[in-house]
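>
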Amino acid sequence: MKLLQNLNYTYKEVDSYALLKFQNEINQKKLVISGYSLQSLTFVEQLDIDDLILSFCSDVQFTEVPRNIFKLMCSNCSLQNVDGVQQMKQLTALSLYMNQVNNINILSQLTNLTSLDVSCNDVSDISALGQMVQLKQLGLTDNKITDISSLSKLVSLQELRLGCNKISDIQPLSSLLNLKYLSLYENSIEDISSLSLLINLTELQLNGNKITSIEPLKSLVNLKTLFLCSNQISDVNAISHLPIEKLYLDSNNIIDVSCLQSLTKIKELYLQQNKIVHIHHLQLLTTLTLLNVSKNLITDLSFAVQPEFDPSIFDLLIRGPLLRPQYYTEQQNTPSQRQIFFSNMLSEITFTNEKKFQMEKNGRKMKSKLKLFKENVGKTVQNANQELIKMTNKVCDLFGLLVYSYGRWNCFFLFTM
Numbered sequence: 203m204k205l206l207q208n209l210n211y212t213y214k215e216v217d218s219y220a221l222l223k224f225q226n227e228i229n230q231k232k233l234v235i236s237g238y239s240l241q242s243l244t245f246v247e248q249l250d251i252d253d254l255i256l257s258f259c260s261d262v263q264f265t266e267v268p269r270n271i272f273k274l275m276c277s278n279c280s281l282q283n284v285d286g287v288q289q290m291k292q293l294t295a296l297s298l299y300m301n302q303v304n305n306i307n308i309l310s311q312l313t314n315l316t317s318l319d320v321s322c323n324d325v326s327d328i329s330a331l332g333q334m335v336q337l338k339q340l341g342l343t344d345n346k347i348t349d350i351s352s353l354s355k356l357v358s359l360q361e362l363r364l365g366c367n368k369i370s371d372i373q374p375l376s377s378l379l380n381l382k383y384l385s386l387y388e389n390s391i392e393d394i395s396s397l398s399l400l401i402n403l404t405e406l407q408l409n410g411n412k413i414t415s416i417e418p419l420k421s422l423v424n425l426k427t428l429f430l431c432s433n434q435i436s437d438v439n440a441i442s443h444l445p446i447e448k449l450y451l452d453s454n455n456i457i458d459v460s461c462l463q464s465l466t467k468i469k470e471l472y473l474q475q476n477k478i479v480h481i482h483h484l485q486l487l488t489t490l491t492l493l494n495v496s497k498n499l500i501t502d503l504s505f506a507v508q509p510e511f512d513p514s515i516f517d518l519l520i521r522g523p524l525l526r527p528q529y530y531t532e533q534q535n536t537p538s539q540r541q542i543f544f545s546n547m548l549s550e551i552t553f554t555n556e557k558k559f560q561m562e563k564n565g566r567k568m569k570s571k572l573k574l575f576k577e578n579v580g581k582t583v584q585n586a587n588q589e590l591i592k593m594t595n596k597v598c599d600l601f602g603l604l605v606y607s608y609g610r611w612n613c614f615f616l617f618t619m
């Protein structure tokens with residue numbers, strides 16, 4: 203019999219004797235148990251398990267978990283305490299995700315832990331974590347944390363997740379120079395000056411705070427992904443020369459984005475829900491593949507109809523309370539297969555050469571050389587079915603979506619010519 207590496211028991215009765223019967227054939231390293239009521243797990247010791255993963259299990263007692271495992275994941279198990287886990291001295295990774303734990307003091311006794319996740323619990327006091335200087339990954343998302351002063355000693359940390367807490371002071375993080383990933387979203391942070399020294403960061407999440415100035419971020423020369431949405435930012439000059447590839451600036455107070463044309467490596471740029479009027483500077487971003495400027499104050503799209511404008515450069519999303527969708531097109535001729543979506547007040551936009559499109563003023567019929575979108579409104583179900591039969595004789599791959607609206611049936615068909 204081929205030696206097993208993984209064994210998965212899900213929503214069945216755990217039969218320890220059945221497992222032990224095959225112990226000679228089992229050379230597994232990971233055991234996954236989901237949806238059980240567990241009274242004892244001592245039998246696992248005889249299976250030479252390295253990793254034990256428990257999810258949606260009730261009656262979990264850490265005193266019954268084997269002490270010889272290296273990785274333990276216990277999620278959605280309604281745990282209220284972690285008594286007994288301190289006996290597992292060999293643990294290098296522990297996850298207690300999505301439980302009801304409020305006291306994690308005894309975790310400091312696990313001196314071999316390098317990865318710890320206690321996200322989605324009821325933890326407020328993390329002072330004991332200050333002793334766990336060996337940690338490299340730490341997850342504390344969605345708890346009740348206000349004071350993070352104890353984290354200043356964890357200088358080996360490379361990943362730190364602190365989103366969805368009640369943190370306002372992040373000064374203790376200034377000593378964590380090895381951080382590459384830092385998540386601080388949905389807190390009460392105003393001052394981010396302490397982040398200026400974290401030059402090894404490649405991803406930073408600061409969305410959903412009270413930030414007005416991002417000047418300290420200009421020194422983060424390795425930053426690739428930056429989340430700053432839902433703050434109070436108006437000036438973005440500080441980050442305009444960073445090697446950012448994904449930038450989220452939506453839901454701020456930004457008016458001028460001309461400085462962002464210096465983002466020479468940008469691929470995705472999210473600027474929706476600001477106060478932006480002009481975006482013509484952004485057409486210089488040749489690396490850009492997606493631009494979202496929905497719900498701004500943009501009315502001038504004249505740059506987009508110029509012969510030199512190449513719509514294959516990026517996906518252009520423009521929406522707003524005063525702006526309504528006019529057409530959706532896909533440039534099949536371009537090697538990159540980009541999509542462009544305009545949504546604006548203009549009743550008609552005409553492109554030249556390969557960018558030529560025609561539409562009726564009422565926005566109901568649109569013609570494209572490469573994709574045709576037909577909207578049939580006011581037809582009865584009977585007529586719509588007849589139309590479908592005719593079309594199936596000509597098109598091999600046809601599909602329909604039947605939508606019920608305002609007490610009438612409207613049938614929309616999308617197909618490729």
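Using the numbering used here, you'd call the opening residue of the sequence shown number 203 and step up by one each time. For every residue, glycine included, the Cβ atom is placed at its ideal position computed from N, Cα and C.
1) Give the DSSP bridge partners of Leu-494, in chain order.
2) Since Lys-448 is in the beta strand (DSSP E), which residue starts that stretch and which ends it?
3) Bridge partners of Leu-340, per DSSP?
4) What runs of the beta strand (DSSP E), each 3 residues or longer, lie entirely inside the segment 404–447?
5) Let me know the secondary structure DSSP gives Leu-386 once reduced to three states.
6) One question on the structure: do Gly-621 and Gln-263 come within less than 8 Å of each other, judged by their Cβ atoms?
7) Once you ignore the five residues that flank Ile-446 on each side, which residues in its own chain have a CB closer than 8 Å to its CB?
8) Starting from Asp-458, trace the beta strand (DSSP E) in both directions and tell me its first and last residue.
9) Can you tell which of Val-335, Asp-261, Leu-492, Ser-329 has the C-alpha that lies nearest to the C-alpha of Asn-625?
10) Looking at the secondary structure, which residues open and close the beta strand (DSSP E) in which Leu-254 lies?
11) Check whether the segment 370–388 and the segment 325–332 are in contact - that is, three or more C-beta pairs closer than 8 Å.
12) DSSP state of Leu-356, grouped into three classes?
13) Given Ser-358, which residues of its chain have a CB within under 7 Å of its CB, disregarding the five upstream and five downstream residues?
14) Cα-Cα, which of Cys-366, Leu-397, Leu-312, Ser-317 is closest to Ser-354?
15) Give me the residue from Ser-352, Ser-377, Tyr-387 with the minimum Cα distance to Arg-363.
16) When you compare only the Cα positions, how much space is there between Gln-475 and Leu-490?
17) Can you name the start and end residues of the beta strand (DSSP E) that Leu-274 belongs to?
18) Please return the same chain residues whose Cβ sits closer than 7 Å to the Cβ of Ile-481, not counting the five positions on each side in sequence.
19) DSSP on Ile-235, reduced to helix/strand/coil?
20) Between which two residues does the beta strand (DSSP E) holding Ser-297 run?
21) Thinking just about the alpha-carbon of each residue, which of Leu-375, Gln-333, Cys-322 is nearest to the one in Cys-145?
22) If we ignore side chains and look at the alpha-carbon of each, how far apart do Ser-317 and Thr-294 end up?
23) Under 8 Å, do Leu-309 and Leu-274 count as touching if we go by C-beta distance?
24) Which residues in the same chain have their Cβ closer than 6 Å to the Cβ of Asn-433, if we skip the five residues on either side of it in sequence?
25) Relative to the C-alpha of Ser-385, which candidate in Ile-271, Ile-416, Gly-341, Asn-402 has its C-alpha closest?
26) Smallest Cα separation from Asn-632: which of Gln-292, Thr-265, Ile-271?
27) Measure the C-alpha to C-alpha separation of Gln-311 and Ser-352 and round it to an integer number of angstroms.
28) Could you compute how far the alpha carbon of Leu-548 sits from the alpha carbon of Leu-503?
29) By the three-class DSSP mapping on this structure, what secondary structure does Val-303 have?
30) Determine the closest residue to Leu-356 out of Ile-347, Ser-376, Asn-345, with distance taken between C-alpha atoms.
31) Am I right that Lys-420 and Ile-441 are in contact with their C-beta atoms under 8 Å? What's the rounded C-beta distance?
32) Run the CB neighbour count on Gln-407, radius 10 Å, all protein chains shown included, and call it buried at 16 or more, exposed below.
33) Do you know how far the Cα of Gly-332 is from the Cα of Ile-350?
Well, looking at it:
1) Looking at the sequence shown, residue 494 is not Leu but Asn. Beta-bridge pairing links Asn-494 to Tyr-472, Leu-519.
2) 448–450
3) Leu-318, Leu-362
4) 405–407, 427–429
5) coil
6) Lying before the first or after the last residue shown, residue 621 is absent from the chain, which here runs from 203 to 619.
7) Leu-425, Lys-426, Thr-427, Leu-428, Leu-465, Lys-467, Ile-468
8) Neither: Asp-458 is in no beta strand (DSSP E) and is coded neither H nor E.
9) Nothing in the structure corresponds to residue 625, since the chain is present only between 203 and 619.
10) Boundaries of the beta strand (DSSP E) harbouring Leu-254: 253–257, taken from the DSSP string.
11) no
12) coil
13) Val-335, Gln-336, Leu-337, Lys-338, Asn-380
14) Leu-397
15) Tyr-387
16) 19 Å
17) 273–277
18) Within the same chain, Cβ atoms closer than 7 Å to the Cβ of Ile-481 are found at Val-459, Val-495, Ile-500, the five residues on either side in sequence being excluded.
19) strand
20) 295–297
21) Past the edges of the chain, shown from 203 to 619, lies residue 145, and the structure says nothing about it.
22) Their Cα atoms are separated by approximately 6 Å.
23) no
24) Within the same chain, and ignoring the five residues on either side of Asn-433 in sequence, the residues whose Cβ sits closer than 6 Å to its Cβ are Asn-411, Ile-413, Asn-454.
25) Of the listed residues, the one whose Cα sits closest to Ser-385 is Gly-341.
26) Lying outside 203 to 619, the shown extent of the chain, residue 632 is not represented and no answer is given.
27) Rounded to the nearest angstrom, the gap between the Cα atoms of Gln-311 and Ser-352 is 16 Å.
28) With a pLDDT of 35 at Leu-548, under the threshold of 50, the modelled position of this residue cannot be trusted; read the value that follows with caution. Leu-548 and Leu-503: Cα-Cα distance of roughly 9 Å.
29) coil
30) Ser-376
31) 7 Å
32) buried
33) 9 Å
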